[in-house]
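J.:
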Amino acid sequence: MNNQQIVLATKEIVCKYRSHNKKDSADAFYSWKETEILLKRYRLKQPARVKSISAKYHLITNAEQLRELLDPLIDTIETFGLDTETTGLDPHTSKVRLVQIAVPKHPVFVIDLAAIDRTKLTPLKQLLASHCLKIGHNLKFDLMMLKSAGFNLEPPYFDTYLGYKILTAGLKRSSTLETLARKLLRVKLNKSAQTSDFSYSLSSEQLQYAANDAAVLLPLHRQLTRHLSKAKLTATAQTEFDCLRAVAQMELNGVRLDLDKWQLLKQELRQQQARLEEKLLAHLIAGDLRSRSLRGRLTNTLLTELSIRVNLSSPKQVVTAFNQLGIDVRSTNVRELIPLAQDYPVIRWLLEYRSLTTRINTFSVGLPQFIHPTTERIQGHWWQMGARSGRFSCREPNLTNIPRDISTRQCFTASPGNVIIKADYSQIELRLMAQASGDRPMIEAYRHGEDLHRLTASFLFDKPIENIIDEERKLGKIVNFGLIYGMGVAKFCLTTAKKHNIYLSKSEASQFRQKFFLLYKGVAAYHQRIRREWQAGARVSYSLDGRRRVWSKRTKPTLNELLNHPIQGTNATIIKRAIALLDSTLLSKVPQVKLILVVHDEIVLEVPRKLADRVARCLSDCAVEAARPILAPIPVEVEVKVLDSWGI
DNA sequence: TCAGAGTGCGCC
DNA sequence: AAACGGCGCACGCTGA
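Take 176 as the starting number for the first sequence in our numbering and just add one per residue.
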């Protein structure tokens, strides 16, 4: 396979590619080799008993044709299918070769951008920017590609990929265009042309398949509209479509990493790691010597010898070493280590060592590899239906799990002359639990602007709210966040110990748990209600805004999944509505305002300093307005900060 | 040798 | 029965 053959690698392959690419993090971008493997797998799928299609098409190779054929459309059509074929998958280095426009009762217009004078593309530009509904499959890709080619693809949109994802949220299903065509239309999209021998200029086969991909979008749109409507998921789909442009732009924007600061931080972490490693090995070697009845000084030679034998990242080897020290563990998972952490410093050191190792390998070393050679920024790949709950996911790299300590986040800086503006929803999931359960004490606390963590603490410790000290409030917070989704006593103890260094006995934890549900009877009742649904064999869950998650016939939800989804799914909708609102009021109008991160309940912008105040106000308004109708009468609280970096 | 399940850890 | 939920990534280990 040569590069020419991959010219027609289309964007649904991106979706498929990503799901096969979880391990490939060393290379941030798509290699031809990987794509080739993917295309081979792709070709193997032969749908049974379905029709092939062969759409009529009209190849446009000059400006006159373009004008004659497209100009009449602009005032007469309301909707069209859109697809692009590109020279690659990276919008920063690849080019759009073909744009296919599918209009009802017309042949598919296949526009060869390579053949047409760049200054004479106005008819296409106008059509893409018109008020028509644009139907596409994974439009984020077309939006990015067209944007970097100088075309603005304006809303409204209908994305068949997202539509299908919304319908099947919770299931692990293929969502390629080929799959959708087969399942919803019983049409076979023959992809074999993609792997056949392409010539330098485009063959009629290539053109035919490019046309088919676009043609199939129109009937797919009809089918999906029907399905979404029947499932009452039209509004959910609209929310997704409304934030598409902002998401595409966010992926194009990328995020800046200050490499100098980053390297300094890496050295610091490496030193800490080395110190810990030395301490740990010294301890372990002592145990080793005892067990071998050896005596002697801890020489560097011995240390080296042991470090060769004991890999601190190997659970198996660490268990052996611990056993020799007389620490009775069978595995090194937290469940077994945490209870011993108080008694053995080595165990605390090991936990710390593992954490440092992650910090170094995944972040210090891993992240810089994702700095794009062209943009010199980190270009994460955002998937707005990436999580079964409706939440975003982000890959290559994952920008939603960056360590939150200031020294790390400080390295994510605004470019010169700019500032970072971030908006955070305050306790949004707790507020949503209050809303979902209708719990009176919770709702009233929020309505009166009270501090919910303090309220919980006052009940746990039988003290008036005014007398609650910071330590007690901290525990109230842990209890609040921990117990709303039905956390058990064991896990609760583990969490408080691991994350907060608070070691509770089982009975203490159990008492806190009981008191929590005594105070928040509405939450307890909500749990009971969901439990009954669960026992009745529920295989579907709806969020407060009607977002749906389903389970297949072979998998049953756990109780806690059912408890969690309504809250997490609603949260996802809220932040997406905020982004959509921000896009229509600000991002699309002031291009210097860049959306760079969305982290579940946080929105981060990079903005020219001069605009900071205005943008901060607008961001706050959008965030509040997006949540207000869903949370009412519970108030929404959004914290907005203007900073030089993500950290400070 | 290598894909894949398992474990652990980062975030909200 | 299951025993907070949702992710992505790096690592050592396993089995073919």
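Glycine residues also receive a C-beta, built at the ideal position from the N, C-alpha and C atoms. It should be emphasised that the depicted structure is a prediction, and the values quoted were computed from it without experimental measurement.
Hey, quick one: how far does the beta strand (DSSP E) through Pro-783 stretch, first residue to last?
T.: Taking the first sequence and counting its residues from 1, one reaches residue 783 at position 608. Segment 777 to 783, the beta strand (DSSP E) holding Pro-783.
J.: Give the C-beta separation of Ser-795 and Val-774 to the nearest angstrom, bearing in mind that I take them to be a contact with Cβ-Cβ under 8 Å.
T.: Walking along the first sequence from the start, residue 795 turns up at place 620. Walking along the first sequence from the start, residue 774 turns up at place 599. With a Cβ gap of about 17 Å, Ser-795 and Val-774 do not count as contacting.
J.: Any idea if Arg-472 is buried or exposed, counting beta-carbon neighbours within 10 angstroms, 16 or more meaning buried?
T.: As a working mapping, residue 472 is identified with position 297 in the first sequence. Confidence at Arg-472 is low in this model, with a pLDDT of 49, below 50, so the placement of that residue should be treated as unreliable; the coordinate-derived value is given next. Exposed: under 16 other Cβ atoms inside 10 Å.
J.: Residue ranges of each alpha helix (DSSP H) run of no fewer than 4 residues wholly in the region 634 to 702, ordered along the chain?
T.: Counting whole runs of 4 or more residues, the region 634 to 702 contains the alpha helix (DSSP H) stretches 645 to 658, 664 to 675, 681 to 694.
J.: For Lys-280, which of Leu-440, Tyr-232, Arg-361, Asn-365 has the nearest alpha-carbon?
T.: Translated into positions along the first sequence, residue 280 becomes position 105. The shortest C-alpha separation from Lys-280 is found at Tyr-232.
J.: Taking all protein chains shown into account, do 16 or more other C-beta atoms lie within 10 angstroms of the C-beta of Arg-723, making it buried, or fewer, making it exposed?
T.: Here residue 723 refers to the residue found at position 548 when the first sequence is read from its first residue. By the 10 Å Cβ count, Arg-723 comes out buried.
J.: Where does Leu-399 land, buried or exposed, given buried means 16+ other C-beta within 10 angstroms?
T.: Position 224 of the first sequence, counting from 1, holds the residue named residue 399. Looking at its Cβ environment, which holds 16 or more other Cβ atoms inside 10 Å, Leu-399 is buried.
J.: Taking the alpha carbon of Arg-242 as the point to measure from, which residue in Lys-295, Asp-433, Ala-277 has its own alpha carbon closest?
T.: To locate residue 242, count along the first sequence from 1; it is residue 67. Residue Lys-295 is the option with its Cα nearest to Arg-242.
J.: Using a Cβ distance threshold of 8 Å, determine whether the region 310 to 326 contacts the region 262 to 275, with at least three qualifying pairs required.
T.: At 8 Å Cβ cutoff, the stretches touch.
J.: How would you call Leu-542, buried or exposed, if buried means at least 16 neighbouring beta carbons within 10 angstroms?
T.: Position 367 of the first sequence, counting from 1, holds the residue named residue 542. So Leu-542 ends up on the buried side.
J.: Sorted by chain position, which residues of the same chain lie with C-beta nearer than 8 Å to Gln-448's C-beta, five sequence neighbours on each side aside?
T.: As a working mapping, residue 448 is identified with position 273 in the first sequence. Closer than 8 Å at Cβ, skipping near neighbours: Tyr-528, Leu-531, Thr-532, Ile-535.
J.: Report yes if the CB atom of Glu-800 is closer than 9 Å to the CB atom of Ala-598, and no otherwise.
T.: Within the first sequence, the letter at position 625 stands for residue 800. Within the first sequence, the letter at position 423 stands for residue 598. Not a contact, by the Cβ cut-off of 9 Å.
J.: Flag this pair as touching only if the region 545 to 565 and the region 427 to 438 have three or more C-beta atom pairs under 8 Å; answer yes or no.
T.: Flag = yes, the region 545 to 565 and the region 427 to 438 touch.
J.: Straight-line CA distance for Val-715 to Trp-726?
T.: Position 540 of the first sequence, counting from 1, holds the residue named residue 715. Position 551 of the first sequence, counting from 1, holds the residue named residue 726. Going from the Cα of Val-715 to the Cα of Trp-726 covers about 6 Å.
J.: Ordered along the chain, which non-local residues of its own chain (more than five positions away) have a Cβ less than 7 Å from that of Val-817?
T.: Sequence index remark: in the first sequence, residue 817 carries index 642 (1-based). Closer than 7 Å at the Cβ level, and outside the excluded window around Val-817, lie Val-594, Ile-596, Ala-787, Ala-791.
J.: Look up Val-504 in the DSSP assignment and say whether it is helix, strand or coil.
T.: Numbered from 1 along the first sequence, position 329 holds the residue referred to as residue 504. Val-504: coil per DSSP, three-state reduction.
J.: Would you please state the rounded distance, in angstroms, between the beta carbons of Leu-382 and Leu-234? I believe it to be under 8 Å.
T.: Here the question's residue 382 lines up with position 207 in the first sequence. Here the question's residue 234 lines up with position 59 in the first sequence. Confirmed, Cβ separation roughly 6 Å.
J.: Who are the Cβ neighbours of Thr-733 in its own chain at under 6 Å, not counting the five residues just before and after it?
T.: The count along the first sequence starts at 1 and reaches residue 733 at position 558. The answer is none, since no qualifying residue turns up.
J.: Indicate whether the contact test is met: 3 or more Cβ pairs, each with one atom in the region 407 to 423 and one in the region 744 to 762, closer than 8 Å.
T.: Yes, since at least three Cβ pairs between the region 407 to 423 and the region 744 to 762 fall closer than 8 Å, the two stretches touch.
J.: Below 9 Å between beta carbons: does that hold for Leu-328 and Ala-304?
T.: Position 153 of the first sequence, counting from 1, holds the residue named residue 328. Position 129 of the first sequence, counting from 1, holds the residue named residue 304. Against a cut-off of 9 Å, the Cβ pair of Ala-304 and Leu-328 comes out as a contact.
J.: Under 8 Å: do the region 329 to 343 and the region 306 to 319 share three or more Cβ pairs, one atom per stretch?
T.: Yes: the two stretches touch, three or more of their Cβ pairs being nearer than 8 Å.
J.: Could you check how far apart the C-beta atoms of Leu-352 and Leu-337 are, in whole angstroms? I think they sit under 8 Å.
T.: Along the first sequence, one-based indexing puts residue 352 at 177. Along the first sequence, one-based indexing puts residue 337 at 162. Not really, about 13 Å apart at Cβ, beyond 8 Å.
J.: Quick check: Phe-634 and Leu-679, are their CB atoms within less than 9 Å of each other?
T.: Position 459 of the first sequence, counted from the first residue, corresponds to residue 634. Position 504 of the first sequence, counted from the first residue, corresponds to residue 679. No, Cβ-Cβ distance for Phe-634 and Leu-679 is not below 9 Å.
J.: Within the same chain, show all residues whose beta-carbon is closer than 6 Å to that of Ile-644, passing over the 5 residues directly before and after it, in chain order.
T.: The residue you call residue 644 lines up with position 469 of the first sequence. Within the same chain, Ile-644 has no close Cβ partners at all.
J.: With Leu-512 as the anchor, note down where its alpha helix (DSSP H) starts and where it stops.
T.: If you number the first sequence from 1, residue 512 lands on position 337. Where Leu-512 is concerned, the enclosing alpha helix (DSSP H) stretches over 509 to 516.
J.: Tell me, to the nearest whole angstrom, how far the beta carbon of Arg-622 is from that of Ile-640; I am working on the premise that it is less than 8 Å.
T.: Against the first sequence, residue 622 aligns to sequence position 447. Against the first sequence, residue 640 aligns to sequence position 465. The Cβ separation is near 16 Å, so there is no contact.
J.: Under a Cβ-count criterion, where at least 16 other Cβ atoms within 10 Å of its own Cβ denotes burial, should Ser-404 be classed as buried or exposed?
T.: Position 229 of the first sequence, counting from 1, holds the residue named residue 404. Classification for Ser-404: exposed.
J.: What residue range does the beta strand (DSSP E) around His-402 cover?
T.: As a working note, residue 402 is residue 227 in the first sequence. No beta strand (DSSP E) contains His-402, which is instead part of the alpha helix (DSSP H) from 392 to 405.
J.: Any contact between the region 736 to 749 and the region 598 to 618? By contact I mean 3 or more CB pairs, one from each, below 8 Å.
T.: Yes, since at least three Cβ pairs between the region 736 to 749 and the region 598 to 618 fall closer than 8 Å, the two stretches touch.
J.: Closest by CA to Lys-696, which one among Leu-257, Arg-566, Val-278, Ile-618?
T.: Reading the first sequence from its first residue, position 521 is the one you call residue 696. Residue Ile-618 is the option with its Cα nearest to Lys-696.
J.: Quick check on Gly-721: does DSSP put it in helix, strand or coil?
T.: Here residue 721 corresponds to residue number 546 of the first sequence, with the count starting at 1. Gly-721: coil per DSSP, three-state reduction.
J.: Applying the 10 Å Cβ sphere with the 16-neighbour rule, what's the burial state of Val-540?
T.: Walking along the first sequence from the start, residue 540 turns up at place 365. Exposed is the call here.
J.: Along the chain, where does the alpha helix (DSSP H) containing Trp-524 start, and where does it finish?
T.: Here residue 524 refers to the residue found at position 349 of the first sequence. From DSSP, the alpha helix (DSSP H) with Trp-524 extends over 520 to 533.
J.: If we ignore side chains and look at the alpha-carbon of each, how far apart do Asn-655 and Thr-261 end up?
T.: Along the first sequence, read from residue 1 onward, the residue named residue 655 stands at position 480. Along the first sequence, read from residue 1 onward, the residue named residue 261 stands at position 86. Going from the Cα of Asn-655 to the Cα of Thr-261 covers about 50 Å.
J.: For Pro-591, does the count of other Cβ atoms within 10 angstroms reach 16, so buried, or fall short, so exposed?
T.: In the first sequence, counting from the first residue as 1, residue 591 sits at position 416. When all chains shown are included, Pro-591 counts as exposed.
J.: Roughly how many angstroms lie between the CA atoms of Asp-317 and Leu-264, to the nearest whole one?
T.: Numbered from 1 along the first sequence, position 142 holds the residue referred to as residue 317. Numbered from 1 along the first sequence, position 89 holds the residue referred to as residue 264. One C-alpha to the other measures close to 10 Å.
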